[in-house]
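Presented below is the structure to which this report refers.
What follows is the structure, encoded as structure tokens:
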């Protein structure tokens, strides 16, 4: 993937690194396709355009992102396949959602662009596959390079698939405000997964991932933000799909448990109903509930009592719960050509955290996006 | 972690109890909407939006890096 970057940055004022990142769209976990137990026989090409919008309670601050993106997966001969995607996102707006380095940043504008791409090459053996890939992402003040290796093994009847993966990332962090800031972090990631066909109408997948990050993990745009120099995290994801014959529909249920060495743990439940209708149409309503505890060092107090202490007032590492509601409508225009529109609304609230919350200062927060995509298979 | 230890035996029992499904019985499983990843761009976009707003990540792929949102 060629990472052609055209960047122009006009930071009239400070906006939190995380707010920009919150609004930025990159390609993460591109090694997702856990279901392919044989080389693809078709080429898939997708293009999509997403619009993302976020606002906090009070409604005066806003952040918007527009992101065109593209994806291709193609067989090479009978035993190899290549997969690539690219996204370019441009963000604009202003937000006070996160405490920024300068107070009173509300209403000030910021613009930033980002380019990200990934590439994956997979070779298929009789009963296994081996994939090698890279993910690159570039902004003015953040550059990330990662490489990953992924292998799958399946039983002869293809009812059981085992997956193992490893990844390594190297990120460089700078700041448009402080030219002296030149930081780095490295992250290693590991995945173990199993997928099992349960019966003629249902399939199950369970993935365990572990990651370990070392280096600069703070937010350069927040005064006093000072996080530990390392972070270990595990995630355990369980996914279930069941076909509902009476409706020719399917139910998708995902549950994820997450825990890290900062004292954060979370639970996510995601439900989606895929309902085909009128031959060429598909409607997919979905609902997601998420709840996280805060990091040990999270505090709503600003500024900190001791400026040297491990400290963050970033809401993202604070305790909250959220609910998302989504809807997708897809239409098959002709054989192999599909148009889809997906929209999702999310609200974050401190009181929606499981087990209650003593941090009522965490601000309610709303996000919304719409993504329109066209996919061609041939 | 407690949750993991609690659910692990259940998961093991579950896999043992699965009876083999033959290729000709996989009509429903082969449907487009029965796949884990039905739309790559949408999945990637959605995961990233979530990851950029929350402290959690992982489970869906090996790569924990790739962006400045953590």
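Protein chains in written order, with our numbering: chain A, 1 to 378; chain B, 1001 to 1070. Positions of the beta carbon are idealized from the N, C-alpha and C atoms, including for glycine.
First and last residue of the uninterrupted alpha helix (DSSP H) at residue i
{"i": "residue 1049 of chain B", "result": "1040-1053"}
Residue i versus residue j: straight-line alpha-carbon distance, rounded
{"i": "residue 162 of chain A", "j": "residue 364 of chain A", "result": "41 Å"}
{"i": "residue 1037 of chain B", "j": "residue 65 of chain A", "result": "24 Å"}
{"i": "residue 318 of chain A", "j": "residue 367 of chain A", "result": "18 Å"}
{"i": "residue 235 of chain A", "j": "residue 113 of chain A", "result": "30 Å"}
{"i": "residue 374 of chain A", "j": "residue 283 of chain A", "result": "16 Å"}
{"i": "residue 143 of chain A", "j": "residue 172 of chain A", "result": "5 Å"}
{"i": "residue 57 of chain A", "j": "residue 337 of chain A", "result": "41 Å"}
{"i": "residue 1042 of chain B", "j": "residue 1035 of chain B", "result": "14 Å"}
{"i": "residue 267 of chain A", "j": "residue 77 of chain A", "result": "42 Å"}
{"i": "residue 441 of chain A", "j": "residue 303 of chain A", "result": "With chain A covering only 1 through 378, there is no way to say anything about residue 441 of chain A."}
{"i": "residue 352 of chain A", "j": "residue 257 of chain A", "result": "17 Å"}
{"i": "residue 305 of chain A", "j": "residue 217 of chain A", "result": "21 Å"}
{"i": "residue 369 of chain A", "j": "residue 155 of chain A", "result": "40 Å"}
{"i": "residue 220 of chain A", "j": "residue 179 of chain A", "result": "11 Å"}
{"i": "residue 169 of chain A", "j": "residue 313 of chain A", "result": "26 Å"}
{"i": "residue 186 of chain A", "j": "residue 227 of chain A", "result": "15 Å"}
Residue burial classification, residue i (beta-carbon count within 10 angstroms, cutoff 16)
{"i": "residue 42 of chain A", "result": "exposed"}
{"i": "residue 295 of chain A", "result": "buried"}
{"i": "residue 259 of chain A", "result": "buried"}
{"i": "residue 201 of chain A", "result": "buried"}
{"i": "residue 308 of chain A", "result": "exposed"}
{"i": "residue 1030 of chain B", "result": "exposed"}
{"i": "residue 277 of chain A", "result": "exposed"}
Within chain B, partners of residue i - CB distance below 9 Å
{"i": "residue 85 of chain A", "result": "1040, 1041, 1044"}
{"i": "residue 91 of chain A", "result": "Ordered by position in chain B, no residue passes the 9 Å Cβ test against residue 91 of chain A, which lies about 11 Å from the chain."}
{"i": "residue 69 of chain A", "result": "1041, 1044, 1045"}
{"i": "residue 369 of chain A", "result": "1045, 1046, 1049"}
{"i": "residue 349 of chain A", "result": "Correct list: empty, because the minimum Cβ distance to chain B is about 13 Å."}
Segment limits, beta strand (DSSP E) that includes residue i
{"i": "residue 347 of chain A", "result": "337-349"}
{"i": "residue 273 of chain A", "result": "265-277"}
{"i": "residue 191 of chain A", "result": "182-199"}
{"i": "residue 224 of chain A", "result": "Taken as a continuous stretch (DSSP letters only), residue 224 of chain A belongs to no beta strand (DSSP E), as it is neither H nor E."}
{"i": "residue 69 of chain A", "result": "62-76"}
{"i": "residue 354 of chain A", "result": "Taken as a continuous stretch (DSSP letters only), residue 354 of chain A belongs to no beta strand (DSSP E), as it is neither H nor E."}
{"i": "residue 231 of chain A", "result": "230-244"}
{"i": "residue 285 of chain A", "result": "281-292"}
{"i": "residue 154 of chain A", "result": "142-154"}
{"i": "residue 369 of chain A", "result": "365-377"}
Proximal residues of chain D, C-beta to C-beta of residue i below 8 Å
{"i": "residue 317 of chain A", "result": "Within the model displayed, chain D is absent; protein chains A and B are what it includes."}
Within chain B, partners of residue i - CB distance below 8 Å
{"i": "residue 232 of chain A", "result": "None at all; the shortest Cβ gap to chain B is about 11 Å."}
{"i": "residue 124 of chain A", "result": "Neighbours of residue 124 of chain A on chain B: none; closest Cβ ~17 Å, over 8 Å."}
Pull out every residue of the stretch 192-203 of chain A whose Cβ sits closer than 7 Å to any Cβ of chain B, in chain order.
196, 197, 198, 199, 200, 201, 203
For the stretch 1041-1055 of chain B, which residues have a CB atom closer than 9 Å to at least one CB atom of chain A, in sequence order?
1041, 1042, 1043, 1044, 1045, 1046, 1047, 1048, 1049, 1050, 1051, 1052, 1053, 1054, 1055
For the stretch 1016-1033 of chain B, list every residue whose C-beta sits within 9 Å of some C-beta in chain A, in sequence order.
Per Cβ criterion, the list reads 1017, 1018, 1019, 1020, 1021, 1022, 1023, 1025, 1026, 1027, 1028, 1029, 1031, 1032, 1033.
Scan the stretch 281-293 of chain A for residues whose Cβ lies nearer than 7 Å to a Cβ of chain B and list them as they occur along the chain.
For the stretch 281-293 of chain A, residues whose beta-carbon sits nearer than 7 Å to a beta-carbon of chain B comprise 282, 290, 292.
Short-range partners of chain B found in the stretch 246-279 of chain A, where Cβ spacing is below 9 Å:
248, 249, 250, 252, 254, 256, 257, 258, 259, 260, 262, 264, 265, 266, 267, 268, 274, 275, 276
The stretch 143-162 of chain A: positions lying closer than 7 Å to chain B by Cβ:
Residues 144, 146, 148, 150, 157, 159.
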